[in-house]
Amino acid sequence: MSIEWFGEGCFKITETGNHFSILTELPSKESGLSIPRHKADVFLSVFSKLSDSLFNEEKKDWFIIKNAGEYELKGNFIYGMVLNIEKELVKSLYKIRIENIKIGYLGKIKDKEMTPEVGNFLADIDIMILPIGGDDVLSIEKAVETIKQIEPKIVIPMYYKIPQLKIKRNEVETFLKKAEIKLVEQNLEKFSVKSKDLENWGEETKIITLTSL
C-alpha cells in the first residue's frame, strides 16, 4: 500500500499492484494548487456537496463517497462518520481499511469537532492523516493532543504551509517541534508500507512527512 500527497487534504492511497486506489479531497481554487489528474476508483469527499468546477467529465465515472456509512470496494472497506451539519452541508471524516492496514483520514476536522465519539471511531487505526494548519482545520495544539489520545503507529500531517499554497497555514516545522515525536522519514514522494512492516514499528508513534507532488 502506498500514499502520495498533492497538497492540502489531497492524497492518493493505492493498493499494491494498482488494483485499487482512493483519491481524497481535491485542493480548492483558492489554494492555488493544481488539481491532480490521476485516475482513481474512489473519491472521498469531506463535504456532502461537490464543487462542479473541480470535477470535470473524466472524473464523473468515479465512485464518490461523501456521506457517513460503510462501503466495501474490491475487498477494501471505507467507513464514514458525520462530524457536523451546517445549512444542510454535511462534513465527514473517514476510516479506510486497505491491505489490513487501518487509516484514519481526518479531513477538515476543527478543534471543537474532535469529540470523544470521534476518538472512539479512530481508536484502532494504524496510520493517522492529520490536519495541522489551524483556522478551518485543527490547531497544532489540538493536533498534538489528538495524537496522544489515539496513539497511532504513524502520523502523516496535512493542511500545512508549502511554497505554492496561497492560503495561510501553520508550518510543519512548528508542529514537529511541539509534537516532540520522532520524525522517521521526511519529504518522501511516496510512502509505501505493508501490514507486516507495522509490527516492527514499535509502540511509540512516529511521524512521516510527504512532499507535495
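First residue of the sequence shown? That's 48 in my numbering, and the numbers climb one at a time after it.
By construction, the Cβ of each residue, glycine as well, lies at the ideal position given by its N, Cα and C atoms.
Just so it is clear, the structure is predicted and the values come from calculations on it, not from any experiment.
Check	Outcome
Please report the distance separating the alpha-carbon of Ile255 from that of Gly56.	15 Å
Identify whether Lys149 lies in helix, strand or coil by the three-state DSSP scheme.	strand
Is the region 116-131 close to the region 139-152, with three or more CB pairs under 8 Å?	yes
Can you round the beta-carbon distance between His66 and Lys121 to whole angstroms, since I take them to be within the 8 Å contact cut?	7 Å
Enumerated in chain order, which unbroken segments of the alpha helix (DSSP H) with a length of 4 residues or greater are wholly contained in the region 176-215?	187-197
Return the residue from the list Trp109, Leu97, Glu133 and Val137 that minimises the CA-CA distance to Gly116.	Val137
Going by the DSSP bridge assignment, what does Asn247 pair with across the sheet?	The partner list for Asn247 (beta bridge, DSSP) is empty, contrary to what the question assumes.
Assuming contact is defined by CB atoms lying nearer than 8 Å, are Leu130 and Ser139 in contact in what I supplied?	yes
Does the pairing of the region 201-214 with the region 70-89 give three or more beta-carbon distances under 8 Å?	yes
Would you say Pro204 and Ile179 are within 8 Å of each other, going by their C-beta atoms?	yes
How big is the Cα-Cα spacing for Val219 and Glu135?	33 Å
Please determine, among Ile187, Val191 and Ile197, the residue with the shortest C-alpha to C-alpha distance to Lys208.	Ile187
Buried or exposed: which applies to Thr63, given that a residue is buried once 16 or more other Cβ atoms fall within 10 Å of its Cβ?	exposed
Just how far apart, CA to CA, sit Trp52 and Lys237?	8 Å
Measure from the alpha carbon of Leu245 to the alpha carbon of each residue in Ile112, Ala190 and Val202, then state which is nearest.	Val202
When you compare only the Cα positions, how much space is there between Ile174 and Val165?	15 Å
So, helix, strand or coil for Val137, using DSSP?	strand
Please name the residue or residues paired with Phe168 in a DSSP beta bridge.	Beta-bridge pairing links Phe168 to no other residue.
Would you decide whether Thr258 is buried or exposed? Buried here means 16 or more other CB atoms lie within 10 Å of its CB.	exposed
What separation, rounded to the nearest whole angstrom, lies between the Cα atoms of Ile132 and Leu169?	20 Å
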